[in-house]
Amino acid sequence: MSLRTPFLLACALLLAACSPVTQENFAKLKPGMERAEVEKLLGKPSECAGALGMSSCTWGEKNRFISVQFAGDQVMMFSGKGLK
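FYI, the numbering for the sequence shown is -23 to -1, 1 to 61, going by mature numbering (1 follows the signal peptide of the UniProt record, and there is no 0).
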């Protein structure tokens, strides 16, 4: 086995550990927060969809994510899955 494989695995683990999708950051979310505050905390969302002033954005991936619903630019509700 070359040294490349363990190096790539270590890099992947470090990147995963640096993810902003954590229970600690989830606990910092509050209804009424501005969208800019959420993006400062969690970074750019993985995906967003919406219409008529309402939007839903997700940070993370299928089994580990934070989802935030906005009315205008303010947090209305949020949920998470697989957070540690």
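For each residue, glycine too, the CB sits at the ideal point set by N, CA and C.
Bear in mind that the values here come from a model prediction, so they are computed numbers and not experimental data.
For V15, the enclosing alpha helix (DSSP H) stretches over residues 12 to 19. 9 Å or more divides the Cβ of F47 from the Cβ of S56. The straight-line gap separating the alpha-carbon atoms of G9 and R(-20) is approximately 47 Å. DSSP places K7 in no alpha helix (DSSP H); its state is neither H nor E.
Excluding the 5 residues flanking it on each side, K5 has same chain C-beta neighbours closer than 7 Å at L18, in chain order.
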